[in-house]
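Data first, discussion second: the structure below is written as structure tokens.
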Amino acid sequence: MGKTVCKKVRTVHFWDSYAKWYKLWIEHTDYHNRAIEMLTTMVSPGWKVLDIGAGNGILSLPLSVIGCDVTALEPSIGMRNLLYEEAGKRGIDWIRVDDRPWEEVGINCFRGLDLIIASNSLHLMKMDFTEALQKIFKFKPKHVFVVTELGFPEIKLKWKYGDYQMLFAKSYQVEDSFAYHCLSEVIEHWEFKKGRSLHPAEILEIRSTLSFRDGHMWIDDRAYMGMFWWIKR
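When we follow this note's numbering, the leftmost residue of the sequence shown carries the number 197, and every step to the right adds one.
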């Protein structure tokens, strides 16, 4: 694990604009399947859950389906719109959505939580990862579940935080490929990421990395994921 996080992805504005690309990616990957399987195995119906940086509800919605009381914390309107769209498709109208960033959520805003989730979100904030994680424990949930691509030396996780003991730490490889419908879509996406037009040489280089299957153009990639679960003793 381990990756560099640029400053622009720490802004809500970035995710408002990136939502269309996130939707394209999420529709063609099983990136979150292991995390969903873990949650639906560990969590019981009726649990009160807070999902920090919920995105399109990829983890929040499956928990809502099994009967959890879920609040999806998502400050990006672009990502919230994806969540509402996905919830509508599944006929879920009981999930609560909170538009505040984690930095602005007061300690007394949520009480009696059974679980706080943070999946690839704590490193995308104005506060640093360690500060954002330590804030979670201050809410005194019964369980904490963190999923992240970051590893040492970017982050350091402890087995014990006060009354919290790590129940498990799992590392695994996940599919992180990107599927496109046409070359112009590939170029548009990469120009968005770079914030400028691509040079002809760059386009040729990107084209050389494309594979073709299932009627799509793919940029194949894998990521290393860590899942960490703490329980309050």
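Note that CB positions come from ideal geometry on N, CA and C, so glycine has one too.
- Here I313 is buried: its Cβ has 16 or more other Cβ atoms, across all protein chains shown, within 10 Å.
- Note on the region 325–407: whole alpha helix (DSSP H) runs with a minimum of 4 residues are 325–334, 379–390 and 396–405, in chain order.
- In this structure, L329 is the residue among V343, L329 and K366 with its C-alpha nearest to the C-alpha of Y360.
- Per the C-alpha coordinates, the member of V245, C264, R292 and H209 positioned closest to F335 is V245.
- C-alpha of R418 to C-alpha of L278: approximately 24 Å in a straight line.
- Bounds of the beta strand (DSSP E) holding K428 are R418 to K428.
- I232: not part of any beta strand (DSSP E); member of the alpha helix (DSSP H) spanning N229 to M238, first to last residue.
- Looking at the backbone, the Cα of L379 and that of R403 are separated by about 8 Å.
- Residue pairing by DSSP puts T267 in a beta bridge opposite L246 and R292.
- S240 counts as exposed, since fewer than 16 other beta carbons sit within 10 angstroms of its beta carbon.
- For M275, no beta strand (DSSP E) segment is defined; the enclosing uninterrupted segment is the alpha helix (DSSP H) at I273 to R286.
- Between V293 and E270 a beta carbon distance of about 7 Å is seen, short of the 8 Å cut, so the two are scored as contacting.
- Short of 8 Å from the beta carbon of Q369, and not among the five residues preceding or following it, lie these beta carbons of its own chain, in chain order: R418, A419, Y420 and M421.
- If the five residues before and after F374 are omitted, its C-beta is found closer than 6 Å to the C-beta atoms of W221 and I415, all from its own chain and listed in chain order.
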